[in-house]
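Remarks on the structure that follows.
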Amino acid sequence: MNPSKCAFGVTSEKFLGFIVRQRGIEIEQAKIDDILRMPEPRNFHELKSLQGKLAYLRRFISNLVGRCQPFSRLMKKDIPFQWDEACDKEFKSIKSYLMKHPVLVALVLGRPLILYVTAQECSVGILLAQKNDEGKENVLYYLSRMMAPNELKYSPIESCVWHSFSQSRS
1054 MNPSKCAFGV TSEKFLGFIV RQRGIEIEQA KIDDILRMPE PRNFHELKSL QGKLAYLRRF
1114 ISNLVGRCQP FSRLMKKDIP FQWDEACDKE FKSIKSYLMK HPVLVALVLG RPLILYVTAQ
1174 ECSVGILLAQ KNDEGKENVL YYLSRMMAPN ELKYSPIESC VWHSFSQSRS
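Residue numbers for the sequence shown follow my numbering, so the first one is 1054 and each next one is one higher.
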C-alpha cells in the first residue's frame, strides 16, 4: 500500500469520477454538469459521446436502457440521423433525473435485500434496494438491458421471471 495514495479519517473522497461518502456513492458533480450542459446531439458521433457518458453512470440511472431506447434507431447504419420529439423527451428526462443527484448506498450485511424487476416491450430493468434503520428503502444498484430478439417473444411476466433467475445463476 502506498501511503501517499491513501486517505484516512476523511468524510468523503473522489474515486474514478464518483464521490464515496459514509452515506453512499454519488456521481461527481463535474460528470453531471458535462451531461446537463450538452446540447441535443446533432449527429451520430455526438450521440455516441452522450451514450458513453451515460454508460459510465448506468448503475445510478433507473431504467437507463428504456430511457435510451429512442436513441437506438439513430445508431443503425443507413438510417439518417434525425433527432425527434421522443429523443428530446428522453434526453430531457435523463437530465432531470441527474439533477436529483442519485445516491447509491452501501450494502448492510444481515439485512434483507429487496429486488424489483420490470419488463417493458424491449427491455428489462432491475432495482436492488435495502431498508435503512428508519424503514426507508435505499437504492443499492440499478441494472437494465435490452432484450435479445428471441427474448422479445416472452410476455412481460415471463421476462421478469426469466431475467430474475438467469441473473441469479451467473
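Even for Gly, the Cβ is constructed at its ideal location relative to N, Cα and C.
Decide if the region 1109 to 1117 is in contact with the region 1147 to 1160; the criterion is three or more beta carbon pairs, one per stretch, under 8 Å apart.
yes
Which of helix, strand or coil DSSP assigns to residue 1115:
coil
DSSP beta-bridge partners of residue 1170
1179
Rank 1086, 1069, 1163 by C-alpha distance to the C-alpha of residue 1154 and give the top, closest one.
1086
DSSP three-state label for residue 1150, please.
Here residue 1150 sits in helix by DSSP.
Report buried or exposed for residue 1083, applying the criterion of at least 16 other Cβ atoms within 10 angstroms of its Cβ.
exposed
Output the distance between the C-alpha atoms of residue 1136 and residue 1188, rounded to the nearest integer angstrom.
43 Å
Is the distance from the Cβ of residue 1167 to the Cβ of residue 1190 below 8 Å?
Taking 8 Å as the Cβ cut-off, residue 1167 and residue 1190 qualify as a contacting pair.
Could you pull the DSSP bridge partners for residue 1207 from this structure?
Residue 1207 is not bridged to any residue.
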